[in-house]
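Visitor:
Protein chains: 2
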Amino acid sequence: MHILVSNDDGINAPGIAALAAAMLPFGQVTVIAPKENRSAIGHRKTMHKPLRIDPVPFPVEGVRAYATSETPSDSVAVALLGFVKDPIDLVVSGINRGANMGQDLTYSGTVSAAFEAVIWHKPAIAFSLVDHSENADYSAAAAIARQIVALGLYRDLPPLTLLNVNVPALPLEQIKGFKVVRQGLRTYNDTLITRIDPYGRPYYWIGGEAPSGDTTEEGTDLWATHNGYVSLTPIHLDMTNYAMMRQLQGRGIESLKPGEIPSQT
Amino acid sequence: MHILVSNDDGINAPGIAALAAAMLPFGQVTVIAPKENRSAIGHRKTMHKPLRIDPVPFPVEGVRAYATSETPSDSVAVALLGFVKDPIDLVVSGINRGANMGQDLTYSGTVSAAFEAVIWHKPAIAFSLVDHSENADYSAAAAIARQIVALGLYRDLPPLTLLNVNVPALPLEQIKGFKVVRQGLRTYNDTLITRIDPYGRPYYWIGGEAPSGDTTEEGTDLWATHNGYVSLTPIHLDMTNYAMMRQLQGRGIESLKPGEIPSQT
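Protein chains in written order, with the numbering used here: chain D, 1 to 265; chain L, 1001 to 1265.
(1) For residue 292 of chain D and residue 178 of chain D, which I take to be in contact (beta-carbon distance under 8 Å), what is that distance rounded to the nearest angstrom?
(2) Determine whether the Cβ of residue 86 of chain D lies closer than 8 Å to any Cβ atom of chain L.
(3) Counting only Cβ pairs nearer than 8 Å, list the residues of chain L close to residue 320 of chain D.
(4) Could you give the residue range of the beta strand (DSSP E) that holds residue 1221 of chain L?
(5) Less than 8 Å between CB atoms is the rule here; does residue 1002 of chain L satisfy it with respect to chain D?
(6) Give the list of continuous beta strand (DSSP E) stretches no shorter than 3 residues that lie fully inside the stretch 1179 to 1242 of chain L.
(7) Look at the Cβ atom of residue 38 of chain D, then the Cβ atom of residue 8 of chain D, and state whether they are nearer than 8 Å.
(8) Just curious, the beta strand (DSSP E) that residue 139 of chain D is in, first and last residue?
(9) So which of L/1171, L/1172, L/1183 has the shortest CA-CA distance to residue 1163 of chain L?
(10) Would residue 1155 of chain L be called buried (16 or more neighbouring beta carbons within 10 Å of its own) or exposed?
(11) So, for residue 1059 of chain L: in the same chain, excluding its five sequence neighbours on each side, which residues have a beta-carbon less than 8 Å away from its beta-carbon?
(12) Give the straight-line distance between the Cα atoms of residue 77 of chain D and residue 1258 of chain L, rounded to the nearest whole angstrom.
(13) From the beta carbon of residue 234 of chain D, is the nearest beta carbon of chain L less than 8 Å away?
(14) Which bits of chain D does residue 1259 of chain L rub up against, with CB to CB less than 9 Å?
(15) Are the CB atoms of residue 1098 of chain L and residue 1069 of chain L within a distance shorter than 8 Å?
(16) Mind checking who residue 54 of chain D pairs with in its DSSP beta bridge?
(17) Identify every run of the beta strand (DSSP E) within the stretch 13 to 43 of chain D, keeping only runs that are complete inside it and at least 3 residues long; order them along the chain.
(18) Using CA coordinates, which residue listed in D/92, D/161, D/61 is at the minimum distance from residue 2 of chain D?
(19) Less than 8 Å between CB atoms is the rule here; does residue 1103 of chain L satisfy it with respect to chain D?
(20) Mind listing the chain L neighbours of residue 44 of chain D? Cutoff is C-beta to C-beta under 8 Å, in chain order.
(21) For residue 183 of chain D, which residues in chain L fall below 7 Å Cβ to Cβ?
(22) For residue 157 of chain D, I'd like the list of residues in its chain whose CB is within less than 7 Å of its CB, leaving aside the five on either flank, ordered along the chain.
(23) Once you ignore the five residues that flank residue 1238 of chain L on each side, which residues in its own chain have a CB closer than 8 Å to its CB?
(24) List, in chain order, every chain A residue whose beta-carbon is nearer than 7 Å to that of residue 1161 of chain L.
(25) If you follow the beta strand (DSSP E) that residue 1128 of chain L is in, where does it begin and where does it stop?
(26) Just the C-alpha distance for residue 145 of chain D and residue 207 of chain D, rounded to the nearest angstrom, thanks.
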């Protein structure tokens, strides 16, 4: 088995080394990830400038590693488009420093690497540790990642669907188990900070507290990890709101004449 | 009514001028968009560097316009976080040069601007013209955008749900009508191109033909626009694959002991 490993914290982050080491027992492991931290980069495809892809030393023996100049999803794309010659069976991303739950997913570079994998028809799993501290311990999350791959769940994922895994910040023996759950509700606590540069011009930071969210609503990723469980959420790229689609279909919109403005407005 | 207008083609693109002009009859219009083209930028939140936001001249009279140094979603975020003082009733994004259908959505800066709006609890509509040519004609799409806003459909969108609209590249009188449809299936035709720089080092481009896709599957955005209809697709940020969630729940995963590797593997 040949596993491709990427992330968004950058190739020197401890989480990707822990994940690559956890994948080694399954066979061949290739790491390809951004040279620098690309957190909250989203699902960017770099089309208007070239990329660099350089072999780099990696702290896990037996792993080939490449650093890319651009995004996590670019890293996965170039690997699957032929930069990595050996066929790839599975793409794993992470272990992210910090959770990727609720509405984090479209922002997340770690999850976007998995989006890119499923777009190119490869099974993919994104792993995140619910701990954003500099000295987070990835060992329990790595053991969980190894267990989830060993279980082979990724083999049954339908098209355009990845598995999103969040591991609570607990020693392995204190993790209570697994919950298969839906995305919960995030609350972002961003604020806009205005500063003045040395030349008198304003500049702006998106700052504020870390995101919070609803940990009380049962059956969600936020609830599961808050209560000491690993959350497993199958995520698909079909974002159609089917209930709303049927509601809109029932309103006669499809019989309107293009460009005709209703008379009341 | 106060409408915020953004895009990913950049504030100087003809599509955003056409959209802002189409929104003026509804009241106040503020434009905030990236200074430069940010196509395929995804849903990036710029947290690790500051942003510039500068007032700029805009070709539509009566519109206040600001150019930002970063992404479409940053542009919407800073506006909603207080840079724009007057309360905003609706966020519209586009008119994008080229379609945003099927699996384009997480890549799309235009759609990501709408993601950001719904995350901050504002109704949002993304508009795209199925024409990627330099001299595309936005007039029919602008008339459609005006009609859709006049219909007030955005008022009934549920939380975290936006409306994604694609307009075929036809004169208004040749557009056949509206179809409320789901996301279709894209096929990406990317290739990895390797070149050698003047100093003998390789660099890489993600290149290839424009994406294609399945235009024959009835009831999708690709099918609707291919057949001369405007596609309307409600898109939500809950990406949970519920069918797969129930299937995984039925497999006893929730009774596994964390870290225990199945004996067969």
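Every residue gets a Cβ at the ideal spot worked out from N, C-alpha and C, and that includes glycine.
Guide: Checking against the coordinates, here is how it stands:
(1) In the structure as shown, chain D begins at 1 and stops at 265. Residue 292 of chain D is therefore absent and cannot be evaluated.
(2) Start at 1 with the first residue of the first sequence, and residue 86 of chain D comes out as number 86. Answer no: the Cβ-Cβ gap between residue 86 of chain D and chain L never drops below 8 Å.
(3) This structure cannot settle anything about residue 320 of chain D, because the visible part of chain D is limited to 1 through 265.
(4) Residue numbering aside, residue 1221 of chain L sits at position 221 when the second sequence is read from its first letter. Counting along the chain, residue 1221 of chain L falls outside any beta strand (DSSP E), though it belongs to the alpha helix (DSSP H) covering 1221 to 1226.
(5) Along the second sequence, one-based indexing puts residue 1002 of chain L at 2. Answer no: the Cβ-Cβ gap between residue 1002 of chain L and chain D never drops below 8 Å.
(6) If we require 3 residues or more, the beta strand (DSSP E) runs fully inside the stretch 1179 to 1242 of chain L come out as 1190 to 1196, 1202 to 1208, 1229 to 1236.
(7) Against the first sequence, residue 38 of chain D aligns to sequence position 38. Against the first sequence, residue 8 of chain D aligns to sequence position 8. Cβ atoms of residue 38 of chain D and residue 8 of chain D: closer than 8 Å.
(8) Mapped onto the first sequence, residue 139 of chain D falls at position 139. Secondary structure note for residue 139 of chain D: it is in no beta strand (DSSP E), and the uninterrupted alpha helix (DSSP H) holding it is 139 to 151.
(9) As a working note, residue 1163 of chain L is residue 163 in the second sequence. Residue 1163 of chain L has its Cα closest to that of L/1183, out of L/1171, L/1172, L/1183.
(10) The sequence position of residue 1155 of chain L within the second sequence is 155, counting from 1. Residue 1155 of chain L sits exposed, since fewer than 16 C-beta atoms from the chains shown fall within 10 Å of its C-beta.
(11) Residue mapping note: residue 1059 of chain L aligns to position 59 of the second sequence, counting from 1. Here residue 1059 of chain L has 1017 as same chain residues with Cβ atoms under 8 Å from its own Cβ, once five neighbours each way along the sequence are excluded.
(12) Here residue 77 of chain D refers to the residue found at position 77 when the first sequence is read from its first residue. Here residue 1258 of chain L refers to the residue found at position 258 when the second sequence is read from its first residue. Roughly 32 Å between the two C-alpha positions.
(13) Residue mapping note: residue 234 of chain D aligns to position 234 of the first sequence, counting from 1. By this cut-off, residue 234 of chain D is an interface position.
(14) Taking the first residue of the second sequence as position 1, residue 1259 of chain L is located at position 259. Taking the beta carbon of residue 1259 of chain L as reference, the chain D residues within 9 Å of it are 140, 143, 144, 146, 147, 172, 173, 175, listed in sequence order.
(15) Residue numbering aside, residue 1069 of chain L sits at position 69 when the second sequence is read from its first letter. Residue numbering aside, residue 1098 of chain L sits at position 98 when the second sequence is read from its first letter. Result no, Cβ atoms of residue 1069 of chain L and residue 1098 of chain L do not sit closer than 8 Å.
(16) Within the first sequence, numbered from 1, the residue matching residue 54 of chain D stands at position 54. Answer is D/67, bridged to residue 54 of chain D.
(17) Correct list: 28 to 34.
(18) The residue you call residue 2 of chain D lines up with position 2 of the first sequence. Residue nearest to residue 2 of chain D within the set D/92, D/161, D/61 is D/92 (criterion: CA-CA distance).
(19) Here residue 1103 of chain L corresponds to residue number 103 of the second sequence, with the count starting at 1. Yes, residue 1103 of chain L counts as interfacial toward chain D.
(20) Indexing the first sequence from 1 puts residue 44 of chain D at position 44. The contacting residues are 1040, 1041, 1042, 1044, 1107.
(21) To locate residue 183 of chain D, count along the first sequence from 1; it is residue 183. The contact set of residue 183 of chain D on chain L, defined by CB atoms closer than 7 Å, consists of 1238, 1239, 1240 in chain order.
(22) Here residue 157 of chain D corresponds to residue number 157 of the first sequence, with the count starting at 1. These residues qualify, in order along the chain: 123, 163, 234.
(23) Stepping through the second sequence from its first residue, residue 1238 of chain L is reached at position 238. Counting only Cβ-Cβ distances below 8 Å, and skipping sequence neighbours, we find 1160.
(24) The structure shown contains no chain A; its protein chains are D and L.
(25) Translated into positions along the second sequence, residue 1128 of chain L becomes position 128. Start and end: 1124 to 1130.
(26) Here residue 145 of chain D refers to the residue found at position 145 of the first sequence. Here residue 207 of chain D refers to the residue found at position 207 of the first sequence. Those two C-alpha atoms are separated by around 32 Å.
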